[in-house]
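Visitor:
2 protein chains.
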Amino acid sequence: MKLINRDVDYAARALVFMARANKPTVSVAQMEASVGVSRPFLRKTLQKLHKAGILQAVKGKGGGFALARTPQNIRLSDLVAVLQGPMKLNDCLFDKKLCQHHGACLLRHKMAAVETRLLAEIDAITVKDLL
Amino acid sequence: MKLINRDVDYAARALVFMARANKPTVSVAQMEASVGVSRPFLRKTLQKLHKAGILQAVKGKGGGFALARTPQNIRLSDLVAVLQGPMKLNDCLFDKKLCQHHGACLLRHKMAAVETRLLAEIDAITVKDLL
DNA sequence: ATTAATGATACCACAATAGTATCCTTCTGT
DNA sequence: ACAGAAGGATACTATTGTGGTATCATTAAT
Numbered sequence: 474m475k476l477i478n479r480d481v482d483y484a485a486r487a488l489v490f491m492a493r494a495n496k497p498t499v500s501v502a503q504m505e506a507s508v509g510v511s512r513p514f515l516r517k518t519l520q521k522l523h524k525a526g527i528l529q530a531v532k533g534k535g536g537g538f539a540l541a542r543t544p545q546n547i548r549l550s551d552l553v554a555v556l557q558g559p560m561k562l563n564d565c566l567f568d569k570k571l572c573q574h575h576g577a578c579l580l581r582h583k584m585a586a587v588e589t590r591l592l593a594e595i596d597a598i599t600v601k602d603l604l
Numbered sequence: 474m475k476l477i478n479r480d481v482d483y484a485a486r487a488l489v490f491m492a493r494a495n496k497p498t499v500s501v502a503q504m505e506a507s508v509g510v511s512r513p514f515l516r517k518t519l520q521k522l523h524k525a526g527i528l529q530a531v532k533g534k535g536g537g538f539a540l541a542r543t544p545q546n547i548r549l550s551d552l553v554a555v556l557q558g559p560m561k562l563n564d565c566l567f568d569k570k571l572c573q574h575h576g577a578c579l580l581r582h583k584m585a586a587v588e589t590r591l592l593a594e595i596d597a598i599t600v601k602d603l604l
């Protein structure tokens, strides 16, 4: 069970780097070493965040990425939602055939409650908390 | 992010089935239909639980599996631990090289706290709760 | 002996994750 | 105008994890 994957990890570091850098934009090349991942990979990740409206992007020479919101308004749950997709408790939720048995459904209800609380926790962590 | 996988799901159903059945042992063949998974697969899963001491196993004709403890003493966290392995927050924990940056470490500490609470939650759910 | 059960392994198929490579487009500085 | 530096988009590959099957050995009841 992995709570967050590498994409989210790298993204978090990059966002922290950008929040600290007192510049209008930061290029991937500038972040590469600090984040510890190859340029093409990081670019791909940040592009997703740009599409999701979490980052601004400036093309062309001297361009780069910048936070589209203040650090306290970017939540870990945002990154997880964009880079990992929605949480899947178990396959009961999607394959109804498996859910005819009472025991299994009880499990599902229990896990749904767990999921709600887990989401609330990663919702409470913002980029500001990581500075 | 998947909180529990199919193995755990199937295992939970099988354990509930065994807890309900008022018999010394229950064979995989008897559980197959109710759990909704093929015999060989379920057997493999239950063998792991046997090795882990969660189930008793009786070989030979008329044999089968049985709970090794009372339902309230078998926790969802036990199943997760055996069938999914330990939780990995992110790779920071295992690849120290990635952990030189303060931001990343803050993330790790935050996630460690989340993990602790999540484990406490699945620790609180027992087979008895699923009956 | 036969049969019904688990024990142990090895194997396979598919999907997800992690990472790379390539080419295109846009912008800036000269 | 043009060269170079940046992101945009896409396709590809490699590794791992998940889910599932097959096979043979072992044990015990009848």
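Heads up: the protein sequence lines correspond to chains D and S, in order.
Numbering-wise (this note's numbering), the first sequence opens with residue 474 and increments by one.
Numbering-wise (this note's numbering), the second sequence opens with residue 474 and increments by one.
Cβ coordinates follow ideal geometry from the N, Cα and C atoms, glycine included.
1) State buried or exposed for Lys583/S, treating a residue as buried only when at least 16 other CB atoms are found within 10 Å of its CB.
2) Does DSSP classify Thr599/D as helix, strand or coil?
3) Rounded to whole angstroms, what's the CA-CA distance from Ala492/S to Pro544/S? Just pull it up for me.
4) Output the boundary residues of the beta strand (DSSP E) element that contains Gln529/D.
5) Which complete alpha helix (DSSP H) runs does the segment 475-549 of chain S hold, if anything under 4 residues is left out?
6) If the cut-off is 7 Å on Cβ atoms, which residues from the segment 591-602 of chain D count as contacting chain S, listed in chain order?
7) Using the beta-carbon of each residue, which ones in chain S are nearer than 7 Å to Ile527/D?
8) Ala426/S: which of Gly533/S, Ile547/S and Gln529/S sits nearest, CA to CA?
9) Short of 9 Å Cβ to Cβ, which residues in the segment 548-563 of chain D face chain S?
10) Between the beta-carbon of Leu488/D and the beta-carbon of Val600/D, is there less than 8 Å?
11) To the nearest angstrom, how far is the alpha carbon of Leu476/S from that of Met560/D?
12) What residues in the segment 497-516 of chain S bring their beta carbon closer than 7 Å to a beta carbon of chain D?
13) Please classify Ala484/D as buried or exposed, where buried requires at least 16 other C-beta atoms within 10 Å of its C-beta.
Guide: Well, looking at it:
1) Around the beta carbon of Lys583/S, 16 or more other beta carbons lie within 10 angstroms, which makes this residue buried.
2) Looking at Thr599/D - three-state DSSP - the assignment turns out to be strand.
3) The alpha-carbon atoms of Ala492/S and Pro544/S are separated by roughly 7 Å.
4) Element bounds for Gln529/D: Leu528 to Val531.
5) Uninterrupted alpha helix (DSSP H) stretches at least 4 residues long and entirely within the segment 475-549 of chain S occur at 479-493, 501-508 and 512-524, given in chain order.
6) Against chain S - using a Cβ distance shorter than 7 Å - the residues of the segment 591-602 of chain D are Leu591, Glu594, Ile595, Ile598 and Asp602.
7) Going along chain S, no residue has its Cβ under 7 Å from Ile527/D, so there is no contact; the nearest lies around 16 Å.
8) One cannot answer for residue 426/S here, as it falls past the ends of chain S, which runs 474 to 604.
9) Along the segment 548-563 of chain D, going in chain order, the ones with a CB nearer than 9 Å to a CB of chain S are Leu549, Val553, Gln557, Gly558, Pro559, Met560, Lys561, Leu562 and Asn563.
10) Yes, they are a contact pair.
11) Pairing Leu476/S with Met560/D, the inter-Cα distance amounts to about 8 Å.
12) Answer in chain order: Ser507 and Gly509.
13) In the assembly as shown, Ala484/D is a buried residue. Its beta-carbon has 16 or more other beta-carbons within 10 Å.
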